[in-house]
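Residue numbers (this note's numbering), protein chains in the order written: chain L, 1 to 579; chain D, 580 to 932.
This report concerns only the one structure given below.
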Amino acid sequence: MTSVAPPATVARSRPIAAGARLLDPSRAVWALAALALTALVLVPLLWIFASSLQSDATSQWTVGNYVEGFSRAIYLEPIRNSLILASVVAVTAVAVGTLLAWAVSRTDMPGRGLIRSLVFAAFVTPSFLGAIAWIFLAAPNSGWFNKAVVALTGAQRGPFNIYSVAGAILVISLYSYPYAFTFVASALELMPSELERSAALLGAGWLRTTLRITLPLARPAILAGFLMSFLEALTEFGTPAFLLIPARQQVMTTQIYLFFQFPSRPNLGAAYAIPLLLVAAALLLVQRRLLGRRRFTTVGGRGTARDAFQLGRWRWPLFVVCLIPPLLSLVLPYAALLATSLSRAWGNGPVPGNLTLDWYRWALFDNQSARAAIQHTLLYAAAAATIVSVLALITSYASIRRLLPGARILSFIAMAPFVVPGIVLAIGFYSAYARPPLLLYGTAWMLILAFATRFLPIAYSGSESALRGLDVDLENAVRTLGGSQLTTFRRVTVPLLRRSILANWLLVFVPSLRELSAAIFLFTPATAVMSTLIFDLSDAGNFEPVSTLGIIMMLLTFAMVVVAYRLFGGAQLARSRGA
Amino acid sequence: MARITISKLERRYEETAALAGLDLSIEDGELVALLGPSGCGKTTTLNLLAGFARPDAGEIWFDDRLISSPRGVVPPERRNVGMVFQGYALWPHLTVEQNVAFGLELRRRGRPEIKREVDWALGLVNLRGLERRYPHELSGGQQQRVALARAIVVRPDTLLLDEPLSNLDANLREQMRFEIRRVHDETGITMVYVTHDQAEAMVIADRVVVMNVGRIEQIGTPREIYECPRSRFVAAFIGNANCLPGVLVEPGLVRCGELLLRTATPSVAAGTDVTVCVRPSALRLCEPAATVSENAVHGRVVQQAFLGDHQDVRVELAGGIQVRALAPSREDFEPGTEVRVQFSPGDCHIVVD
Chain L
1 MTSVAPPATV ARSRPIAAGA RLLDPSRAVW ALAALALTAL VLVPLLWIFA SSLQSDATSQ
61 WTVGNYVEGF SRAIYLEPIR NSLILASVVA VTAVAVGTLL AWAVSRTDMP GRGLIRSLVF
121 AAFVTPSFLG AIAWIFLAAP NSGWFNKAVV ALTGAQRGPF NIYSVAGAIL VISLYSYPYA
181 FTFVASALEL MPSELERSAA LLGAGWLRTT LRITLPLARP AILAGFLMSF LEALTEFGTP
241 AFLLIPARQQ VMTTQIYLFF QFPSRPNLGA AYAIPLLLVA AALLLVQRRL LGRRRFTTVG
301 GRGTARDAFQ LGRWRWPLFV VCLIPPLLSL VLPYAALLAT SLSRAWGNGP VPGNLTLDWY
361 RWALFDNQSA RAAIQHTLLY AAAAATIVSV LALITSYASI RRLLPGARIL SFIAMAPFVV
421 PGIVLAIGFY SAYARPPLLL YGTAWMLILA FATRFLPIAY SGSESALRGL DVDLENAVRT
481 LGGSQLTTFR RVTVPLLRRS ILANWLLVFV PSLRELSAAI FLFTPATAVM STLIFDLSDA
541 GNFEPVSTLG IIMMLLTFAM VVVAYRLFGG AQLARSRGA
Chain D
580 MARITISKLE RRYEETAALA GLDLSIEDGE LVALLGPSGC GKTTTLNLLA GFARPDAGEI
640 WFDDRLISSP RGVVPPERRN VGMVFQGYAL WPHLTVEQNV AFGLELRRRG RPEIKREVDW
700 ALGLVNLRGL ERRYPHELSG GQQQRVALAR AIVVRPDTLL LDEPLSNLDA NLREQMRFEI
760 RRVHDETGIT MVYVTHDQAE AMVIADRVVV MNVGRIEQIG TPREIYECPR SRFVAAFIGN
820 ANCLPGVLVE PGLVRCGELL LRTATPSVAA GTDVTVCVRP SALRLCEPAA TVSENAVHGR
880 VVQQAFLGDH QDVRVELAGG IQVRALAPSR EDFEPGTEVR VQFSPGDCHI VVD
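Shown next as structure tokens:
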């Protein structure tokens with residue numbers, strides 16, 4: 001039998017290299033990437049807390065900013081407005097989104113695929129662009145709807161005023177109902193129709209079945225849609241900036257913006273932004289619990305064959321009703337933007353003689369700042385996408401393969417920007433990098449790193465799930481053949497993941513193209529991008545070039561979306577708006 | 580080439596011990612099979628040998644080089660150990676040729692040498708002509724051969740094989756056993772072969788290490804393991820032996836209920852509780868006879884399954900114990916048939932638990 005004691009050659013044997021793992025040069029790569037990631041996320045967050053506790057005038061430590069921000073009436077008013085705005089938006093968006101979701105996933109309504117595509121297009125459109133378009137449609141005097149009413153009825157002035165809280169509610173609802181739609185539609189599609197059939201067999205009518213069975217089962221999804229719309233409305237900057245600053249009715253995000261205008265109070269702004277961060281974190285936690293809870297989520301991944309609800313003569317009327325939200329969020333706004341971009345003066349309307357392609361020549365060739373903004377947008381978005389795909393890949397690899405101590409903390413940090421509203425992240429970046437030791441303000445890096453941080457969770461979760469799908473033996477095989485961990489990563493892991501690396505790149509690139517709420521705080525004239533140029537031009541009332549830039553921006557966006565869709569299908573794209 | 584010495588090796592996952600004190604030495608050029616049910620620690624042992632995991636106690640030596648201990652492990656890439664993975668782990672983005680050449684490239688060999696060596700390895704596993712194919716264009720058996728070629732082309736000191744045939748169908752599996760044995764004989768590489776299939780272990784290995792719940796139950800040649808199981812577990816795992824509990828009456832004589840069995844293995848003190856192990860193929864079923872002879876007992880057939888060249892018969896003995904017998908298929912043993920079960924003394928082995 002061959003059980004033996006350790007050999008007697010211990011003395012002359014080479015002692016084991018206890019430090020072998022420490023000396024592995026690849027560890028430096030993982031460690032550096034982890035360090036960069038941590039700095040990227042934590043430095044701005046720490047700075048925003050630090051700034052919020054410093055006096056603007058004397059830089060002394062104080063809680064005065066919190067006291068001032070949350071006791072003075074003029075600063076409490078925006079909080080009240082924000083809460084009203086967010087609540088009404090959430091209710092509206094959920095009502096619309098749920099109706100559309102039910103119609104698309106549960107009935108025999110015609111044009112279900114069309115409605116679905118239109119909702120997705122509304123998902124991709126930034127609401128600040130919608131806000132601009134709605135200015136053309138419903139500005140108090142010059143808006144086309146008002147002019148039409150005046151022309152038809154002979155009234156003194158039209159009834160619509162988009163520069164109001166109601167106007168902001170309309171516009172934000174039009175671009176946040178897709179959350180409720182997506183959550184509820186997927187819940188309804190996974191719900192086996194046996195649940196409804198058995199209610200019907202017990203004698204319940206369709207109304208009772210819908211109210212007692214279908215909707216209660218979809219309740220967590222409906223609630224999650226409510227929370228996401230609420231959060232979207234609370235942290236949205238663009239639409240309130242376009243519609244409410246002119247009306248002198250501030251919400252929290254526009255008030256924060258004003259804190260950064262002359263006479264600037266950045267530290268007060270930081271304190272004022274902290275609740276947004278806390279509320280966002282809390283709401284997303286609740287939302288995750290709702291969607292993650294097994295109690296309601298109705299069984300397995302594969303939806304059973306189901307018979308659609310027979311609408312009968314209501315098929316077409318329901319279709320018409322379902323067309324209204326896309327009409328208001330897509331057809332009319334894009335028509336308005338397109339018409340304006342092709343007009344010499346938008347107030348005259350799209351009539352012969354007023355039509356021109358000059359604005360496109362202006363944006364693409366003649367105007368230095370417009371051309372620069374387009375170039376910056378593409379360059380910064382590409383740089384952010386590249387940095388973040390590489391960083392996310394390396395760090396998620398180090399985390400999943402447990403190459404560093406504290407791997408779990410690393411993924412937690414990487415996912416943290418998910419709960420940081422863009423405006424809060426921007427203030428953090430401003431606090432951290434608008435002063436020595438690392439003065440980035442005024443450079444392209446300010447925007448690139450802000451975009452990278454903001455969309456890091458998209459790339460990180462993408463890399464992580466791709467790595468989980470990779471058989472670890474493919475890597476072990478390299479090790480046994482003499483390759484180090486780094487060689488393994490380079491020669492096998494990266495080549496095998498190239499598709500998902502490309503997907504991550506696109507998923508960061510697309511939202512970076514139209515980012516406004518972080519860019520607005522961080523750009524300087526030398527680093528303006530399309531969204532900030534749109535903001536500035538709109539401020540000056542130059543709506544024709546604004547529309548032109550908006551159309552160009554969306555053409556770029558939809559082109560990339562189409563590329564991504566062709567390459568990877570729809571499932572992964574949903575993530576891009578998830579963060 | 581390497582002689583492997585494993586001493587007092589332990590490895591825990593959370594609270595459970597996957598490996599509880601393993602001692603084993605493997606000679607240079609030997610082919611050893613680690614055999615046992617899932618969870619017995621055989622794959623853990625392989626991972627420790629490869630350097631993917633760190634032991635919680637004990638040491639592993641390659642010749643006079645300590646390569647694993649709780650204080651640290653030499654990383655896999657510096658052990659010169661080859662491995663064939665259960666799922667083959669062929670890189671899908673590389674062709675057969677590139678897969679096999681990969682290890683040589685890492686060793687910075689010249690282009691002509693790489694070409695020559697890849698050609699040698701593919702020839703060894705009968706895969707010449709498929710160099711430009713991608714893994715997904717190959718059958719399971721071909722993929723298996725590529726994995727083998729990729730592992731041996733770098734001439735590792737030791738080759739570890741982790742259930743390499745478990746994804747193949749039965750015919751191919753039998754053929755590949757001999758292929759792997761042939762590759763071993765032609766290259767002389769020390770091989771450690773993990774499997775849960777006892778037939779595979781018997782065919783392929785010089786020595787078989789039977790493992791159970793993190794411990795070694797028995798080490799021996801296939802013949803020793805089969806003919807002289809030293810524990811009830813080994814007897815049951817190798818060839819589904821019938822295990823009859825009994826008491827030793829005198830050396831070589833065991834009472835199991837009403838049955839008095841003369842056995843091959845002596846040298847245990849009388850009065851000890853023992854188990855008598857006897858394989859289904861060693862039982863003979865005959866017509867009931869009036870006279871009661873030694874090593875025979877009456878029973879009644881309770882179940883019968885026809886398996887082609889033989890049949891699997893379950894018999895309830897007079898004492899209430901059930902045994903399995905493999906009988907020639909030409910005789911008919913309907914359930915309910917009275918039979919006499921004969922135990923040949925040479926096939927009855929005493930195991931003390």
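Quick reminder that beta carbons are idealized off the backbone N, C-alpha and C, glycines included.
For residue 664 (chain D), the nearest CB of chain L lies under 7 angstroms from its own CB, placing it at the interface with that chain.
Put simply, the backbone Cα of residue 504 (chain L) is about 8 angstroms away from that of residue 385 (chain L). Boundaries cannot be given for residue 191 (chain L), as no beta strand (DSSP E) includes it and DSSP labels it neither H nor E. Scanning L:478, L:219, L:562 for the CA closest to the CA of residue 670 (chain D) turns up L:478. Nearest in C-alpha terms to residue 521 (chain L), of all of L:326, L:185, L:238, is L:238.
At a cut-off of 7 angstroms, the C-beta of residue 468 (chain L) has no neighbouring C-beta in chain D. For residue 476 (chain L), the chain D residues whose C-beta falls within less than 8 angstroms of its own C-beta are 629, 631, 655, 662, 664, 668, listed in chain order. Chain L has a Cβ within less than 7 angstroms of the Cβ of residue 682 (chain D). By the Cβ test, the segment 379 to 394 of chain L is in contact with the segment 507 to 517 of chain L, since at least three Cβ pairs between them sit closer than 8 angstroms. Judged by DSSP in its simplified three-state form, residue 352 (chain L) adopts coil rather than helix or strand. Beyond the five residues adjoining it in sequence on each side, residue 475 (chain L) comes within less than 7 angstroms, by CB distance, of 488, 492, 493 in the same chain, given in chain order.
The beta carbon of residue 439 (chain L) sits closer than 8 angstroms to the beta carbons of 433 from its chain, once the five residues preceding and following it are set aside; these are given in chain order. Between residue 625 (chain D) and chain L, the shortest Cβ-Cβ separation is not below 7 angstroms.
Within the DSSP secondary-structure output, residue 583 (chain D) pairs in a beta bridge with D:605, D:641. Interface with chain L (7 angstroms Cβ-Cβ cutoff): residue 717 (chain D) is excluded.
Cβ neighbours of residue 841 (chain D) within its own chain (closer than 7 angstroms, five residues either side excluded): 831, 832, 873, 874, 924. Residues of chain L with a Cβ closer than 9 angstroms to the Cβ of residue 671 (chain D) are, in chain order, 474, 496. Cβ contact annotation for residue 209 (chain L) (same chain, cutoff 8 angstroms, sequence separation greater than five): 196, 199, 200, in chain order. Annotation: the continuous alpha helix (DSSP H) that includes residue 226 (chain L) extends over 219 to 235. Here residue 626 (chain D) carries a helix assignment [DSSP, helix/strand/coil].
Here residue 81 (chain L) is buried, its C-beta having at least 16 other C-beta atoms within 10 Å.
Look at residue 824 (chain D) here: in three-state DSSP terms it is strand. The way I'd put it, the segment 82 to 96 of chain L does touch the segment 221 to 228 of chain L; three or more beta-carbon pairs between them come closer than 8 angstroms.
When the Cα atoms are used, residue 917 (chain D) and residue 911 (chain D) turn out to be separated by approximately 12 angstroms. Spatial neighbours of residue 161 (chain L) in its own chain (CB-CB distance under 6 angstroms, excluding positions within 5 residues in sequence) are listed in chain order as 140. When only Cα atoms are considered, residue 358 (chain L) and residue 364 (chain L) end up about 10 angstroms apart.
Straight-line spacing of the CA atoms in residue 838 (chain D) and residue 705 (chain D) works out to 55 angstroms.
In the three-state DSSP reduction, residue 365 (chain L) falls in the helix class (H, G or I). Residues of chain L with a Cβ closer than 8 angstroms to the Cβ of residue 686 (chain D) are, in chain order, 482.
Taking a C-beta distance under 7 angstroms as the contact criterion, residue 790 (chain D) and residue 587 (chain D) do not qualify as a contact pair. A distance below 7 angstroms between beta-carbons, with the five flanking residues on each side excluded, links residue 90 (chain L) to the following residues of its chain, in chain order: 226, 229, 230, 233.
In the three-state scheme derived from DSSP, where H, G and I count as helix and E and B as strand, residue 856 (chain D) is classed as strand. In the DSSP assignment, residue 805 (chain D) falls within the unbroken alpha helix (DSSP H) covering 801 to 806. Every alpha helix (DSSP H) of 4 residues or more that sits fully in the segment 720 to 785 of chain D is shown, in chain order, as 749 to 766, 777 to 783.
Counting only the Cα atoms, residue 398 (chain L) lies some 9 angstroms from residue 29 (chain L). Interface residue (Cβ-Cβ distance to chain D less than 7 angstroms): residue 492 (chain L) is classified as such.
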